[in-house]
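>
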Amino acid sequence: MERVLGHHSVRLGGCGRSPSGSTATSDMDSSEPHHPTYDELAECLTSTQQQRFEVMQGLNKCRQVLREHNLMPPPRSNTTVSDQNSGPMTHIPPTTYSAYF
């Protein structure tokens, strides 16, 4: 993740991490970090899972449109190429090699 973002550390924001501090109790020191409750974390997880599901649906629609217009290759099959120790090796001709990778 550090290589992708170009940072050595990442500050997480979002669920249960309010920069303004907790408003749950008035006697709590505002300089102390807010520690989310189990219910807050469970709600955040549910929300994040729903967002991920929606993003994946959109991505699948994009892939489908790209494939319909021949702008993206069809999905790979689940067949695997065996190694020399486990059986006969499947040979991929050099001219079609780049199409698989």
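Residue numbers for the sequence shown follow our numbering, so the first one is 52 and each next one is one higher.
Just so you know, even glycine gets a beta-carbon here, dropped at the ideal spot from N, CA and C.
Just so it is clear, the structure is predicted and the values come from calculations on it, not from any experiment.
1) So, with DSSP's three-state summary, where would you put N129?
2) Looking at R114 and M45, is the spacing between their C-beta atoms short of 8 angstroms?
3) For the alpha helix (DSSP H) containing N111, list its first residue and its last residue.
4) Suppose you measure from the CA of N111 to the CA of R103; what does that come to, to the nearest Å?
5) Spell out whether any CB of chain C is found under 8 angstroms from the CB atom of P84.
With the structure as the only source:
1) coil
2) Given that the chain is displayed from residue 52 to residue 152, the structure contains no residue 45 and the question cannot be resolved.
3) Y89 to E119
4) 12 angstroms
5) Absent from the structure is chain C; it holds one protein chain and no more.
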